[in-house]
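*Asks:* Chains as they are written, first to last, in the UniProt record's numbering: chain A, 1 to 215; chain B, 1 to 215.
Number of protein chains: 2
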Amino acid sequence: MRKGNATRERILDIAEAGVLAKGFGATSIDEIIAEAGITKSGFFYHFHDKNELARGLLARHRGRLGQLVDEIFGRAAELSDDPLQQLLIGLTLFAEHMAAMPGGHPGCLVATMSYQDQLFNREVRAMVSSIVEDWNGFFRTMIEKIVAAYPLREPVDPGRIARNITCAIDGGIIMSKSLGDPSVLPEQMLMARNYVKMLFQPAALHAVPREALAA
Amino acid sequence: MRKGNATRERILDIAEAGVLAKGFGATSIDEIIAEAGITKSGFFYHFHDKNELARGLLARHRGRLGQLVDEIFGRAAELSDDPLQQLLIGLTLFAEHMAAMPGGHPGCLVATMSYQDQLFNREVRAMVSSIVEDWNGFFRTMIEKIVAAYPLREPVDPGRIARNITCAIDGGIIMSKSLGDPSVLPEQMLMARNYVKMLFQPAALHAVPREALAA
DNA sequence: CCGAGAACTGCACCGGCGGTACGGTTTTCT
DNA sequence: AGAAAACCGTACCGCCGGTGCAGTTCTCGG
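1. Exposed or buried, LYS40/A, counting other C-beta atoms within 10 Å across all chains shown (16 or more means buried)?
2. What's the call for ASP170/A, buried or exposed, on a 16-neighbour Cβ count within 10 Å?
3. At what residues does the alpha helix (DSSP H) containing ILE38/B begin and finish?
4. Going by DSSP, what residue range makes up the alpha helix (DSSP H) through residue 246/B?
5. Would DSSP call LEU58/B helix, strand or coil?
6. Could you check if ASN194/B is buried or exposed, using at least 16 other CB atoms within 10 Å of its CB as the buried criterion?
7. By Cβ distance below 8 Å, which residues in the same chain neighbour GLN188/A in space, the five residues on each side in sequence not counted?
8. Check ALA215/A in the structure and name its three-state DSSP category.
9. Taking all protein chains shown into account, do 16 or more other C-beta atoms lie within 10 angstroms of the C-beta of THR141/B, making it buried, or fewer, making it exposed?
10. Roughly how many whole angstroms lie between the Cα atoms of residue 222/B and GLY104/B?
11. Please decide whether ARG153/B counts as near chain A, where near means a Cβ-Cβ distance under 8 Å.
12. Along chain A, which residues have their Cβ under 8 Å away from the Cβ of ALA111/B?
13. Find out if the Cβ-Cβ distance for the pair SER183/B, ALA99/B is shorter than 8 Å.
14. Within its chain, find whatever has a CB closer than 7 Å to the CB of ILE14/B; leave out the 5 residues flanking it on each side and keep chain order.
15. Since TYR195/B is in the alpha helix (DSSP H), which residue starts that stretch and which ends it?
16. So with Cβ pairs under 8 Å, would you call VAL184/A a contact of chain B?
17. With three or more C-beta pairs closer than 8 Å as the rule, is the region 73-88 of chain A touching the region 140-156 of chain A?
18. Closer than 7 Å by C-beta to LEU89/B: which residues in its own chain qualify, once you throw out the five before and the five after it? Chain order, please.
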């Protein structure tokens, strides 16, 4: 019973490393069980198929990442009472966290699986989209608080802004991977941050009219 | 000879539909040849392995999309001489084009393959990243022209802005797919547009100080 | 209209993969 | 001590990407 959970976790650890390094499809069960030192029967005792493995990975990932986000934005809330500052600080800390990862961030399970959705059944797909919706909802809540406190420079729907942050993260991950340059993700997280900042910060305080520059 | 090219194109057509619908890994050669009405030997006569099929798909995709982008931004250049306006108009037209596609945009081969890179060899991966770099370069050129003509509201590197546009497109595609909502892509393309607009447009002309709103 | 090369067909085969089936064994907790 | 959990061993299945090679049909330039 306790040993069962330990084995399950070990399978998930090995699988997660493989999926992040090579993708879900390229991480074979044979390879997982070889590294875990178990047999195929043992694997299928814990996960009745590969979809269940995917769900297990996603569930664990959601929990861990949720905890990280809680810590980061909790810290941001300690540093400022202002909702706009909280989001800006949180995004900066988040970007720094990603930049600080040795050898670059590991890549995101959700992003990885979004693009291999054809490998999975409905349950897994539903799980992926619900996680994406969670992210959008998280940022949306923050942005709605900001909207209540700040004038918007442009008439933009809070949901769109939230999705833009999530998109910047997903797009940053995918581009980091495509270009082999881990710095793109934190860079684009900061771009999203800057976007929010510009949308809400009283622009007149910072903008310099063209004529003034020419002079 | 001519017939050979026709078959090759038919294979690519069928494969492309499959890849966009189900992903590259899930599109089997058996299934392609069944639909094309040829044998396995026939397939491998045209493509010596699946990587070459991927390269064929990417090459065709790059050509077609390049043509579309040329048309769209050519039209934008007709509509305005101003580099900023050209980019803004081009992005709007691009977003409208994506929104107008029946049943939503088909998804992007490059984005799809970026996340299945473990399935491919170095050549294909190099091709994917070179296409992404093309996109970044394209937007970067446009943005550098804008930078030469407009004051920047925030000190942001043109490369970062270019990558942000590409990220918005990739992220938009991936989120559209995850959520099953094709409207996210055009929406996020317009968000990227709005970002550029805010970065360059003389802010003081539009921004309303908070006190003025309260009054 | 003929010949050469392009464009295939047909068939047999390989190893890796996800997955099934099922009986037997060890480990763990109560 | 006994029941349930946690495996092991083995044999098997169909799909998949891919190979090899001999034979056939089509197409087009000369």
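Just so it is clear, CB atoms sit at the ideal spot from N, CA and C, and this is done for glycine as well.
*Replies:* A quick look at the data gives this:
1. Here residue 40/A corresponds to residue number 40 of the first sequence, with the count starting at 1. Burial call: exposed.
2. Locating residue 170/A in the first sequence gives position 170, where the first residue counts as 1. Buried is the call here.
3. Numbered from 1 along the second sequence, position 38 holds the residue referred to as residue 38/B. Unbroken run through ILE38/B: none, as it is neither H nor E.
4. The structure shown does not extend to residue 246/B, since chain B is modelled only from 1 through 215, so no value can be given for it.
5. As a first step, residue 58/B must be located in the second sequence, where it is residue number 58. The answer is helix: DSSP assigns LEU58/B an H, G or I state.
6. Start at 1 with the first residue of the second sequence, and residue 194/B comes out as number 194. By the neighbour-count rule (16 or more Cβ atoms within 10 Å), ASN194/B is buried.
7. For the purposes of this step, residue 188/A is taken as residue 188 along the first sequence, with counting starting at 1. Around GLN188/A: ALA168, ILE169, GLY171, GLY172, MET175.
8. By one-based count along the first sequence, residue 215/A stands at place 215. Bear in mind that the predicted position of ALA215/A carries a pLDDT of just 38, short of 50, making it unreliable; the figure below should be weighed with that in mind. If DSSP states are grouped into helix, strand and coil, ALA215/A belongs with coil.
9. Position 141 of the second sequence, counted from the start, is the residue given in the question as residue 141/B. Exposed: under 16 other Cβ atoms inside 10 Å.
10. Because residue 222/B is not part of the residues shown, which for chain B are 1 to 215, the question remains open.
11. Here the question's residue 153/B lines up with position 153 in the second sequence. Answer yes: the Cβ-Cβ gap between ARG153/B and chain A drops below 8 Å somewhere.
12. Residue mapping note: residue 111/B aligns to position 111 of the second sequence, counting from 1. Ordered by position in chain A, the residues that pass the 8 Å Cβ test against ALA111/B are TYR115, ILE174.
13. Position 183 of the second sequence, counting from 1, holds the residue named residue 183/B. Position 99 of the second sequence, counting from 1, holds the residue named residue 99/B. In contact: SER183/B and ALA99/B (Cβ atoms closer than 8 Å).
14. The sequence position of residue 14/B within the second sequence is 14, counting from 1. Excluding positions up to five away in sequence, the list reads ILE32, GLU35, ALA36.
15. Looking up residue 195/B in the second sequence gives position 195. Note, TYR195/B: alpha helix (DSSP H), 184-200.
16. Within the first sequence, residue 184/A is the residue found at index 184, counting from 1. True, the Cβ-Cβ gap to chain B drops below 8 Å.
17. yes
18. Position 89 of the second sequence, counted from the start, is the residue given in the question as residue 89/B. Residue identity differs from the one stated: residue 89/B is Ile in this sequence, not Leu. Taken in chain order, the residues that qualify are ALA76, LEU79, SER80.
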